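Student:
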Amino acid sequence: MTVTSDRRAFVPAALWDQPAPVPELGVSFEFFPPRGAQGEARLWETVERLAAYAPDFVSVTYGAGGSTRDKTHDTVVRMRDEFGLDAAAHLTCVDAAKRDVMAVADAYDAAGINHIVALRGDPPQGGGAYVPHPEGFAFAVDLVRALAARGGFEISVAAYPEVHPHALNPDADLDNLKAKLDAGATRAITQYFFDPAAYLRFRDRAAAAGITRPILAGLMPVLGFAQIRRFSAACGAGIPDWMIRLYDGAEDDEATHQAVSAMLLAEQARLLAAEGCHDLHFYTLNKADLTIAACHLLGIRPRRAAADGRSVESAAAAG
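Numbering of the sequence shown is given in the working numbering, commencing with residue 5 and proceeding in unit increments.
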């Protein structure tokens with residue numbers, strides 16, 4: 005039995021009892037635009053490996069202040085054209101007038117990219133507190149309304165199981181999520197979390213507030229525990245005490261760290277699936293190994309040949 009930080013007990017099926025694949029479990033993957041030749045090569049190797057798992061969709065981030073606008077556009081188009089993926093582009097409100105933001109949306113539509121992840125966004129690094137552009141969209145809900153009024157887009161938004169760092173309180177944060185969904189968003193994708201109970205409590209509160217759209221659980225592979233602690237301090241994601249103990253002594257042993265991280269990610273996913281979570285969104289950090297390990301332990305196997313987009317079955321028949 006696993007007991008979470010709020011003393012909620014889970015009794016997930018053992019690996020040998022779990023049906024494979026987990027029924028109706030959908031997966032999606034997030035990537036970021038690469039920097040440099042090495043990063044470019046790593047991204048496309050990762051995309052090729054994960055495309056074989058036929059994700060429901062993939063998404064590509066938009067740098068702080070819109071700093072990767074062109075790279076985001078080029079990346080989602082290539083993912084769609086070369087790998088046959090349903091690719092979503094992140095779009096933010098930061099440091100841009102409304103007309104400029106909507107021009108980016110128009111360019112996506114013209115390129116056949118019809119899924120937008122609409123976000124408020126963060127200021128460029130070192131830019132201080134968020135201040136809306138005087139001629140821009142103040143918040144994500146305003147961007148969602150504009151995209152919905154324009155039409156032609158499927159819209160995803162962000163949700164925060166452990167509350168957005170700038171929210172007045174949990175209720176105000178939940179009200180904001182409902183406003184974004186009511187404004188025209190199709191689904192929400194959560195900020196990453198490590199305690200499954202945080203997501204389940206949030207899901208229950210969202211249902212009680214009348215939210216019926218899907219809320220995808222965002223899972224972050226721990227590539228480096230020290231790094232993830234810094235990220236989490238900045239974005240408000242909690243690091244449970246049991247997780248600190250789990251990584252104690254593992255930072256200096258790459259193989260042990262990798263094994264612990266694979267186990268943690270897979271167990272988070274299995275617990276959520278056992279609690280009826282039907283959609284998992286993996287923040288891949290442009291690396292495939294841990295996400296693939298989690299999919300494998302969930303019983304999800306490659307569903308198509310990575311190189312040419314044919315199904316595994318048809319590729320075998322043709323061979």
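Heads up, the beta-carbon is just placed ideally off N, CA and C, and yes, glycines get one too.
Only a predicted model underlies this, so the values are computations on that prediction, with no experimental measurement involved.
According to DSSP, Val31 sits in a beta bridge with which residue or residues?
Tutor: Translated into the one-based positions of the sequence shown, residue 31 becomes position 27. Val31 pairs with Leu284.
Student: Unbroken beta strand (DSSP E) runs of length 3 or more, entirely within the region 86 to 160: which are they?
Tutor: Entirely contained in the region 86 to 160, the beta strand (DSSP E) runs reaching 3 residues are, in chain order, 91 to 96 and 119 to 123.
Student: Taking one C-beta from the region 285 to 300 and one from the region 51 to 70 each time, how about it: are there three or more such pairs within less than 8 Å?
Tutor: In short, these stretches touch, since the Cβ pair count reaches three.
Student: For Ala150 and Thr96, I'd like the C-alpha separation in whole angstroms.
Tutor: By 1-based counting over the sequence shown, the position of residue 150 is 146. By 1-based counting over the sequence shown, the position of residue 96 is 92. The alpha-carbon atoms of Ala150 and Thr96 are separated by roughly 12 Å.
Student: At what residues does the alpha helix (DSSP H) containing Thr260 begin and finish?
Tutor: As a first step, residue 260 must be located in the sequence shown, where it is residue number 256. Element bounds for Thr260: Glu258 to Ala278.
Student: Give me the Cβ distance between Tyr100 and His77, rounded to the nearest whole Å; I'm assuming they're in contact under 8 Å.
Tutor: Along the sequence shown, read from residue 1 onward, the residue named residue 100 stands at position 96. Along the sequence shown, read from residue 1 onward, the residue named residue 77 stands at position 73. Reading the sequence as shown, one finds Ala at residue 100 and not Tyr. The pair is not a contact, with the Cβ atoms about 14 Å apart (cut-off 8 Å).
Student: Kindly give me the distance between the Cβ atoms of Asp199 and Gly242, rounded to whole angstroms, as I take these residues to be in contact under 8 Å.
Tutor: Here residue 199 refers to the residue found at position 195 when the sequence shown is read from its first residue. Here residue 242 refers to the residue found at position 238 when the sequence shown is read from its first residue. At roughly 6 Å, the Cβ-Cβ gap stays under 8 Å, so Asp199 and Gly242 are in contact.
Student: Identify every run of the alpha helix (DSSP H) within the region 167 to 220, keeping only runs that are complete inside it and at least 4 residues long; order them along the chain.
Tutor: For the region 167 to 220, whole alpha helix (DSSP H) runs of length 4 or above, ordered along the chain, are 174 to 186 and 200 to 212.
Student: Which same chain residues end up closer than 8 Å to Arg217 when comparing Cβ atoms and leaving out the 5 residues on each side of it in sequence?
Tutor: Residue 217 sits at position 213 when you count from the first residue of the sequence shown. Counting only Cβ-Cβ distances below 8 Å, and skipping sequence neighbours, we find Leu185, Ala189, Thr190, Arg191 and Ala192.
Student: Leu1 by DSSP, collapsed to three states: which one?
Tutor: Residue coverage of the chain in this structure runs from 5 to 323, which leaves residue 1 outside it and unanswerable.
Student: To the nearest angstrom, report how far apart Leu294 and Phe141 are at their CA atoms.
Tutor: Along the sequence shown, read from residue 1 onward, the residue named residue 294 stands at position 290. Along the sequence shown, read from residue 1 onward, the residue named residue 141 stands at position 137. Each residue's Cα considered, the two are about 37 Å apart.
Student: Quick one: is Glu28 buried, meaning 16 or more other Cβ sit within 10 Å of its Cβ, or exposed?
Tutor: Numbered from 1 along the sequence shown, position 24 holds the residue referred to as residue 28. Answer is exposed; the Cβ neighbour count stays below 16.
Student: Helix, strand or coil for Ala56, going by three-state DSSP, please let me know.
Tutor: As a first step, residue 56 is located in the sequence shown; it is residue number 52 there, counting from the start. Correct three-state label for Ala56: coil.
Student: Would you tell me roughly how many angstroms separate the C-alpha atoms of Arg234 and Val226, rounded to the nearest one?
Tutor: Within the sequence shown, residue 234 is the residue found at index 230, counting from 1. Within the sequence shown, residue 226 is the residue found at index 222, counting from 1. When rounded, the distance between both Cα atoms is 12 Å.
Student: What residue from Ala266, Phe35 and Asn180 has the CA that sits closest to Phe143's CA?
Tutor: Taking the first residue of the sequence shown as position 1, residue 143 is located at position 139. Answer by Cα proximity: Asn180.
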